[in-house]
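Participant:
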Amino acid sequence: MTQDLRAILIELGITGLIAAALVFPLITLRTIDSFEGLTINARWLPSVLAVALVVLGRFGLILLRYERSAIALAGGAAAMLAAAYAWSSDLPLSKLFEVFLFAGGLFLFARAAIQWLVIARGVERARIDTARADAALALRRAIPLAAAVVVVFVAFLPWLPFSSIYMLDVGILILTYVLLGWGLNIIVGYAGLLDLGYVAFYAVGAYAYAIFAVNFGLSFWWCLPLAGLLAGISGLILGFPVLRLRGDYFAIVTLGFGEIVRLVLINWSAVTRGPDGISSIPRPSLFGVAEFNKRATGDLPLFHEMLGIPFSPEHRIIFLYYLVFTLSALVAIFTLRIRTLPIGRAWEALREDDIASASLGLNRTRIKLVAFGISAAWGGFAGAFFATRQGFISPESFTFIESAIVLSIVVLGGMGSLVGIAIAAALLIGLPEVFRELSEFRMVAYGGGLVLIMVWRPRGLLSFREPSVRLFDRRGRMRFAAEGYAVGDSPLAAPAPTTATATAMTAAPAAPATGGGAVGEGSVVRQKPTGSKG
Amino acid sequence: MISGDGEGGSVEMETETTAAASAAVSATATAAATATATAAATTTAPDALLTVEHLSIRFGGLLAVDDLSFSALPGEITAIIGPNGAGKTTVFNCLTGFYSPDVGRLLMRHSDGAEVYLERLESDQIARRGRLARTFQNVRLFPRMTVLENLLVAQHAELMRGSLYTVGGLFSLPSYRRAQQAAVEKACRYLNLVGLLSRADEEAGALAHGAQRRLEIARALCSDPVLLCLDEPAAGLNPSESKTLRHFLRRICEEEGLAILLIEHDMGVVMGISDHIVVLDYGRKISEGTPEEVAGDPRVIAAYLGEEDADDGSTSSTAATA
Amino acid sequence: MAYFLQQLINGVTLGSVYGLIAIGYTMVYGIIGMINFAHGEIYMIGAFVAVIAFTLFAGFSFFAALLLVLVFAMLVSGFYGWTVERLAYRPLRHSFRLAPLISAIGMSIFLQNFVQLAQGARNKPIPPKVQGGFTLLNDGGFAVQISYLQIGIIVLTIMLMVGLNGVIHTTSLGRRQRACEQDKVMASLLGVDVDRTVSVTFVTGAVLAALAGVMVTLYYGVVDFFIGFHAGIKAFTAAVLGGIGSVHGAMLGGLLIGLIEAFWAGYFLTEWKDVAAFSILVMVLIFRPSGIFGHPEVEKI
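Below is the structure:
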């Protein structure tokens, strides 16, 4: 036991030393500008807190390893309580430390609880696993309903009593990222290609919209499809040479493209107005019928005058909200539909095994190109919407970080799951709005989050995949078998008894006495007797 | 029950090979002579479905396939055998367009008279225009997709046409619904044939190894081939599965009018069902002919016995024939 | 001619730095087949630590300070390299193929913003430490100069390259590394501690990146938290250009990228020099992904 104690202390000591080596130089020794150039302003508290946090975390893991679940349980609870207390009081600790302490405590508590159930209460591991699987299945079944409820809620949000302009603004922001996430999902989630330059298409859409609207005076309803089209075409052009590359090279090349597009935006001043960006981009009108300004600027009548209500800036926000909601809904419907079509299945087949796909006659480049084009077009729509909402765009808005945020949304949500991506967008975009105090830690959290998701849940929050087509319905009846399905029609089936020969490969033909379906992997139990026409 | 079945299978397998062997032994010299004779003759068979002429491919310093010529006839099973590393899978990869040969002509002559030169095509064009489907030595399914979806991917071209290249499918036009119905029916037929119909909605990756191999064959069949290339279909199967497979291959070959090109180490399978065997060693063809002829060819025996540490079944069964 | 020579000198200096960073990419790629996207950030941390240490040791004589700074930067970067591998990559060694890359991107974003939070978003300038140099040539009023610093950077890089080459080809550590590159399973069966070898590789790469960071700090005299991203991509381009997995290739690729950038900036438009670098990356990956020294991969089927 003492030996164990020594080992534990050594382990904790090493952990603490490494943590100190990592945080001390960068956090404690903070350089600040002064009159004599840089000077060091030593900050000890944050480093000490960070090291303490790491050591405590390691100690929690050690407790779990030694199966001291009771102590771990208490420790986890204590950490959460302490964090909650520190958050509400005004102790001179950082809020970040409190958040981490709470999260660590929660994690330890949950793990310790499971361990305690297994060890102390003798609950079998298998039972916990089954319970988990059951819960997962229940969740999976509940998703369509939950999604419907959320859609209804989102649709009526502007009319709910507690809604405010601020909420709608955040809602618009979240929905923009949902749109981007769903667009990127086609290429990352379905086709399995890691596109690190998605922001390029977002930028093309935004700039196309801005340039058409400002220079040619085209209305929003012309510019939107044009922006999508241009982004889609740029996707095809950029995609064509790179789609043959292997996974990681593809990722880096798309990253390069993203940066090239941004640098072109900065340097091609004649068209893009360089780093200053394009301002006073026209706002969308109500389908060319009325506009949302306070005073008339063009030929269109004003919305509030038309309805005879007092002017309110809220009108435009509500309109923008419904605009992005409609765009998202269209993209969602399109995506759900195309996933069940042959092209959608081909994307997934390429993701699963592109060599097998080629051997079955799938033209890899063309299929990926379609995915790339569609994905880019959605990015372009999102960009156009972004431009019209902001009224101002500049290359600043289209850095790699933007690509990384959208990628985090797709990865966290579970590549391929629309619902998961929507949840992830709400979390990643909405949470920093809620925790404004911590908003400066947003990017650190995204980065760390990506790592944690990959390590703990590489398939994302909602990781299950709904088949694009099912042969059997829930009650085990065969769909699609209504008319023509006929076992006996098989040219391989001998004219003799259908049941025995139909399953040529499971039933040993040398022993027809075994009677077909009974042999092998439980083979065809569900055969339709109506099938044999011959 | 299962083990008994398995033993029965292997016993029968042995008797078959010994029968072949005794036939060969009875006419050793003549068999060897005819083997070489047919080797020369078959390369130019006019009714051949697939004609391979002077195929060579080199990887760095290694001549993986060296001036190989053979042909495959419609409705026949042609086996390519040889010790490990003899270049068998490389031949398949050349045929299916994954490697481009340095020299050689790979000609598919279809029954309607169309001629397709495989070496000029990309692998996906080979599958569509050459109507050649293959399976892989290490099963390559789409593991996270269901069994049925795997088979639908194999019918991509028809389904694309049916969906009017996605446009019609988006609006669920009747033409797409019909195409999908037909595709599912076709899939069901082959699933039934390989005994996986009841598992159509399961993830392909969750199937047992034997079932995965069968699914891969069914998937290849779904793509409507005239030539089916099977890379070690019996690898990892138990004796009873392997016996069933033998019967199955013979049937699809005869009843669908398909030609099969087979790489296999299980000599029971090879000797039992092949019409024609090509033997490779170090990338070169060392013998060709009927199973009897090949089994009696001293060069084949030497190639197999020369490799004393070869641990595949081939050594023992060929040794038994000698 | 004189102008050409000056750009050549600048290009070789820049190329040495890229080459040192590129070695980290290429060694990690060689041993575990992943693009360590966070490597550029390790270099950035090295540069930052150099700034911090130079400020901290401001009272020391230059050589004493330089020695301390080098040790400090190498140590801290080495720790970061080790920790990044341990936390973000090792658990993913058997995950799906893109998982380590996504994790690495996360790590890169994390480190970049961590340093920004810890040290502030502003540029960090330090006073010039080494001044002066030789005038090689005076051609009609244009003096071709090579500064002591440039000489120092080039000489140190050459020494490091020779040293590294020796380590890889003669020591048992190098042998273990090469063994793991070929076949990790077999290497571990033969008693090579694969995890440890991978860790050592990461630390080696990080230390070289830290040296590059110190040199850049001295050379440009200013550092910001964003330098890792662009330098990382250029160094990666260098690694790919030379043939990823090959240490010589990384050095040669680094030199080429440095020269291309210097000449582009010298003869064409400075603003487009990054576009040129990225375009080379794209071109090389599309047309010759195996690079100069790499072997084309045969797809295993």
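Protein chains in written order, with the working numbering: chain A, 1 to 534; chain D, 535 to 856; chain E, 857 to 1157. Even for Gly, the Cβ is constructed at its ideal location relative to N, Cα and C.
Where does D:Lys777 sit, in a helix, a strand or coil, going by DSSP?
Facilitator: Of the three classes helix, strand and coil, the one that applies to D:Lys777 here is helix, per DSSP.
Participant: Should the region 366 to 384 of chain A be called in touch with the region 230 to 244 of chain A, which here means at least 3 C-beta pairs below 8 Å?
Facilitator: Yes, the region 366 to 384 of chain A is in contact with the region 230 to 244 of chain A.
Participant: Is any beta-carbon of chain D found at less than 8 Å from that of A:Ile421?
Facilitator: No, no contact with chain D.
Participant: Give me the subset of the region 907 to 920 of chain E whose CB atoms are less than 9 Å from a CB atom of chain A, sorted by chain position.
Facilitator: Listed in sequence order: Val907, Ile908, Ala909, Phe910, Thr911, Leu912, Ala914.
Participant: Give the C-beta separation of D:Glu798 and D:Pro825 to the nearest angstrom, bearing in mind that I take them to be a contact with Cβ-Cβ under 8 Å.
Facilitator: With a Cβ gap of about 12 Å, D:Glu798 and D:Pro825 do not count as contacting.
Participant: Please work out which residues of its chain come closer than 7 Å, Cβ to Cβ, to E:Met1139, disregarding the five sequence neighbours upstream and downstream, and give them in chain order.
Facilitator: No residues qualify anywhere along the chain.
Participant: Can you grab the Cα-Cα spacing for the pair E:Val1103 / E:Val1011, in whole Å?
Facilitator: Taking the straight line joining both Cα atoms gives about 18 Å.
Participant: At a CB-CB cut-off below 7 Å, which residues of chain A make contact with E:Met963?
Facilitator: Under the 7 Å cutoff, chain A gives Gly447, Val451.
Participant: I believe E:Val925 touches E:Val1070 by the beta-carbon criterion, under 8 Å. Please report the beta-carbon distance rounded to the nearest angstrom.
Facilitator: With a Cβ gap of about 6 Å, E:Val925 and E:Val1070 count as contacting.
Participant: Rounding to the nearest angstrom, what Cα-Cα distance links E:Ala1168 and A:Thr340 in this structure?
Facilitator: The structure shown has nothing for residue 1168 of chain E, since chain E only spans 857 to 1157.
Participant: Which chain A residues sit within Cβ distance under 7 Å of D:Leu682?
Facilitator: What D:Leu682 touches in chain A: Val469, Leu471.
Participant: Identify the residues that DSSP records as bridge partners of E:Asp995: which are they?
Facilitator: Bridge partners of E:Asp995: E:Phe998.
Participant: Give the DSSP bridge partners of A:Met478, in chain order.
Facilitator: DSSP lists A:Phe472 as partners of A:Met478.
Participant: Just reading off the beta strand (DSSP E) that A:Asn596 is part of, what are its end residues?
Facilitator: In the structure as shown, chain A begins at 1 and stops at 534. Residue 596 of chain A is therefore absent and cannot be evaluated.
Participant: Can you pull the chain E neighbours of A:Ile14, defined as C-beta to C-beta under 9 Å?
Facilitator: Simply none; closest approach about 12 Å.
Participant: The ligand FAD heavy atoms versus the CB of A:Tyr202: any closer than 7 Å?
Facilitator: Judged by which ligands are present, the structure shown has none, so any question about the ligand FAD falls away.
Participant: Measure the alpha-carbon distance for E:Thr991 versus E:Tyr874 and round it to whole angstroms.
Facilitator: Roughly 25 Å separates the two Cα atoms.
Participant: Could you tell me which chain A residues have their CB closer than 7 Å to the CB of D:Ser757, listed as they occur along the chain?
Facilitator: Leu360, Gly361, listed in chain order.
Participant: May I ask you to list the residues that DSSP assigns as paired with E:Val1078?
Facilitator: Note: E:Val1078 sits in a beta bridge opposite E:Pro981.
Participant: Where does E:Thr857 fall in DSSP's three states?
Facilitator: Sequence inspection shows Met at residue 857 of chain E; the Thr mentioned does not correspond to that position. Of the three classes helix, strand and coil, the one that applies to E:Met857 here is coil, per DSSP.
Participant: How long is the line joining the alpha carbons of E:Val907 and E:Gln975, rounded to whole angstroms?
Facilitator: Taking the straight line from one Cα to the other gives about 11 Å.
Participant: 8 Å is my cut-off, CB to CB: does D:Ala648 come that close to chain F?
Facilitator: The chain labelled as chain F is not found among the protein chains of the depicted structure, namely A, D and E.
Participant: Please classify D:Arg643: does DSSP put it in a helix, a strand, or coil?
Facilitator: D:Arg643 falls in the strand class under three-state DSSP.
Participant: Quick one: grab the DSSP three-state call for A:Tyr85.
Facilitator: Note: A:Tyr85 maps to helix in three-state DSSP.
Participant: Measuring only the C-alpha atoms, how far is A:Thr365 from D:Phe632?
Facilitator: Roughly 15 Å between the two C-alpha positions.
Participant: Within 10 angstroms of the Cβ of A:Val535, are there 16 or more other Cβ atoms? Answer buried if so, exposed if not.
Facilitator: An answer regarding residue 535 of chain A cannot be provided, because it is not within the stretch 1 to 534 covered by chain A.
Participant: Give a yes or no on whether the C-beta atoms belonging to E:Val1078 and E:Lys980 are separated by under 8 Å.
Facilitator: Cβ distance < 8 Å, so E:Val1078 and E:Lys980 count as in contact.
Participant: Since D:Ala752 and D:Tyr724 are thought to touch, with beta carbons under 8 Å apart, how far apart are those beta carbons, to the nearest angstrom?
Facilitator: Contact flag correct, Cβ pair sits at about 4 Å.
Participant: Once you ignore the five residues that flank A:Arg465 on each side, which residues in its own chain have a CB closer than 7 Å to its CB?
Facilitator: Around A:Arg465: Gly416.
Participant: Which ranges does the alpha helix (DSSP H) cover as unbroken runs of at least 4 residues, wholly within the region 164 to 192 of chain A, from first to last along the chain?
Facilitator: With a minimum length of 4 residues, the continuous alpha helix (DSSP H) runs that stay inside the region 164 to 192 of chain A are 165 to 185.
Participant: Interface residues of chain E around A:Phe257 at Cβ under 9 Å?
Facilitator: Under the 9 Å cutoff, chain E gives Phe1134, Val1138.
Participant: DSSP has D:Phe604 in a bridge; who is on the other side?
Facilitator: The partner list for D:Phe604 (beta bridge, DSSP) reads D:Val586.
Participant: Do you know whose CA, among A:Leu61, A:Leu265, A:Gly192, lies nearest A:Leu245's CA?
Facilitator: Looking at the Cα atoms, A:Gly192 is the closest of the given residues.
Participant: From the beta carbon of A:Asp129, is the nearest beta carbon of chain D less than 8 Å away?
Facilitator: Cβ-Cβ to chain D under 8 Å: no for A:Asp129.
Participant: Please give the ranges of any beta strand (DSSP E) in the region 707 to 758 of chain D, keeping only runs that are unbroken, at least 3 residues long and fully inside the region.
Facilitator: Complete beta strand (DSSP E) runs here, min 3: none at all.
Participant: Hey, is A:Glu440's beta-carbon within less than 8 Å of any beta-carbon in chain E?
Facilitator: It does; some Cβ of chain E falls within 8 Å.
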